[in-house]
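What the sequence shown shows, in our numbering, is residues 2 to 265, in sequence order. Each residue gets a CB set at the ideal place from its N, CA and C atoms; glycine is no exception.
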Amino acid sequence: MKTPEQVELMRAAGLLVGRTLELLREAAKPGMSTLDLDALAEEHIRDNGGVPSFKGYHGFTGTICASVNEEIVHGIPRSGKILREGDVLSIDCGAIVEGWHGDAAITVPLGEVTDEQRRLLEVTEESLWHGLAAGRAGARLTDISHAIEAHIRSQGSYGIVEGYGGHGIGTEMHMDPLIPNHGAPGHGPVLEPGMCFAVEPMVNLGTKETAELDDGWTVVTTDGRTSAHFEHTFAVTADGPRVLTALDEGRDRFANLGSAPQNG
2 MKTPEQVELM RAAGLLVGRT LELLREAAKP GMSTLDLDAL AEEHIRDNGG VPSFKGYHGF
62 TGTICASVNE EIVHGIPRSG KILREGDVLS IDCGAIVEGW HGDAAITVPL GEVTDEQRRL
122 LEVTEESLWH GLAAGRAGAR LTDISHAIEA HIRSQGSYGI VEGYGGHGIG TEMHMDPLIP
182 NHGAPGHGPV LEPGMCFAVE PMVNLGTKET AELDDGWTVV TTDGRTSAHF EHTFAVTADG
242 PRVLTALDEG RDRFANLGSA PQNG
């Protein structure tokens, strides 16, 4: 449980992550390497008073995870990984401000992608917001999981990645509990104001099955089809979920769902 003052520090970290991701969304172009993007992210985080969460985490070498096409999560930024027209790029980013973490991810198309891929990105991001909207005081933790899965299932036959998911967050990037992206509602802890979580659906065009590459980090789809990944950090409040990594704290997206919190 975080105090209001601690949540404000997490908002500062979250805002830095959100702004970093918007910078990378605009910067990502065919011909760049994923290491080029990583350098931009690290510079922006450090220039604005933060420290990258990922760099050095269990030996990870990047400031961001950059996962392309069939890569689901944990892609290592590399100088030889050159982005190309038609790629689908997932960027996961974390930052620490005064000891508190923010964590978020976006997936962006580079140039023209297929309608099927574009719809995958839309469905995955929509499912994130359905999950966040379920994160209200008095709800159960797996209400978030169920909301994510229910939306994805309603939109088509997608592979919902298992074994990776959301998590608690605060003075550490990954804290208990794990938040699966599937499952029945009504289980797990009751959500209370001051709790903070990262929610992150990972959805594949094909199979849900995954494999880890020999680099010990990169997770891929076993059928080689495209994956998408979106993530936000949020705080449970008495007035509804407050999305700490969204520039507007989620007001526009919640309004579109018809479940806008009353924050601010």
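Which partner residues of residue i appear in the DSSP bridge assignment?
i             : result
glycine 160   : Asn205
glycine 103   : Ala96
proline 53    : Ala96
serine 91     : Ser68, Thr108
valine 8      : Partner(s): none; valine 8 has no beta bridge.
glutamate 232 : Ala106
Taking residue i as the reference, give the member of the options with the closest Cα.
i              : options                        : result
glycine 187    : Leu142, Tyr159, Gly225, Gln156 : Leu142
alanine 13     : Ala247, Gly251, Gly259         : Ala247
leucine 129    : Gly157, Pro5, Ile107, Pro190   : Ile107
valine 220     : Gly50, Thr211, Asp104          : Thr211
methionine 203 : Gly19, Glu9, Asn70             : Asn70
isoleucine 65  : Ala96, Ile83, Glu86, Ala140    : Ala96
glutamate 72   : Asp253, Ala256, Pro242, Ala229 : Ala229
aspartate 235  : Thr227, Pro194, Arg226         : First, the amino acid is wrong: residue 235 is phenylalanine here, not aspartate. Cα-wise, what sits closest to phenylalanine 235 is Pro194.
valine 18      : Arg254, Phe55, Thr115          : Phe55
aspartate 88   : Glu44, Met196, Thr125, Gln118  : Gln118
threonine 172  : His183, Ala199, Ala185         : Ala199
serine 80      : Gly60, Asn49, Asp37            : Asp37
proline 31     : Gly57, Lys82, His45            : Lys82
alanine 67     : His59, Ala105, Gly160          : Ala105
asparagine 205 : Arg243, Asp249, Ser91, Leu179  : Ser91
isoleucine 161 : Thr227, Arg137, His45, Gly251  : Thr227
proline 53     : Gly15, Glu113, Glu127          : Gly15
threonine 238  : Gly60, Ala140, Thr62, Pro181   : Ala140
With DSSP collapsed to three states, give me the class of residue i.
i              : result
valine 18      : helix
valine 237     : coil
leucine 179    : strand
threonine 143  : helix
threonine 125  : helix
glycine 195    : coil
arginine 79    : coil
leucine 84     : coil
glutamate 1    : Nothing can be reported for residue 1: it is not among the residues displayed for the chain, which extend from 2 to 265.
glutamate 72   : strand
threonine 108  : strand
glutamate 250  : coil
glutamate 113  : coil
alanine 261    : Note that alanine 261 scores 46 on pLDDT, short of 50, meaning its location in the model is unreliable and no value can be drawn from it.
isoleucine 170 : coil
arginine 243   : strand
alanine 292    : Only positions 2 to 265 of the chain appear in the structure, and residue 292 is not among them; the question remains open.
threonine 35   : helix
Please report how far the alpha carbon of residue i lies from the alpha carbon of residue j, in whole angstroms.
i             : j             : result
leucine 245   : leucine 22    : 13 Å
glycine 103   : aspartate 177 : 15 Å
leucine 24    : arginine 47   : 14 Å
glutamate 9   : histidine 175 : 19 Å
threonine 208 : histidine 183 : 15 Å
glycine 189   : arginine 85   : 42 Å
proline 5     : histidine 233 : 19 Å
threonine 185 : isoleucine 77 : For clarity, residue 185 is alanine in the given sequence; the question names threonine instead. Answer to the nearest angstrom: the Cα atoms are 33 Å apart.
glycine 166   : aspartate 144 : 14 Å
arginine 26   : alanine 42    : 11 Å
leucine 214   : tyrosine 58   : 18 Å
glycine 265   : alanine 138   : Summary for glycine 265: the model assigns pLDDT 36, below 50, so the residue's position carries little reliability, and this model does not support an answer.
Pull up the CB-CB distance for residue i and residue j, whole angstroms please, since I reckon it's below 8 Å.
i              : j                 : result
alanine 29     : leucine 122       : That pair is no contact at about 14 Å.
glycine 51     : valine 98         : 5 Å
alanine 134    : phenylalanine 255 : 6 Å
valine 109     : aspartate 93      : About 12 Å; that fails the 8 Å criterion.
isoleucine 149 : glycine 132       : 4 Å
methionine 2   : methionine 196    : 6 Å
Under 7 Å from any heavy atom of the ligand FMN, does the C-beta of residue i make it?
i           : result
arginine 12 : This structure lacks the ligand FMN; in fact it carries no ligand of any kind.
Flag residue i as yes if its beta-carbon sits less than 8 Å from any beta-carbon of chain C, otherwise no.
i          : result
alanine 96 : In the structure shown, chain C cannot be found, because there is only a single protein chain.
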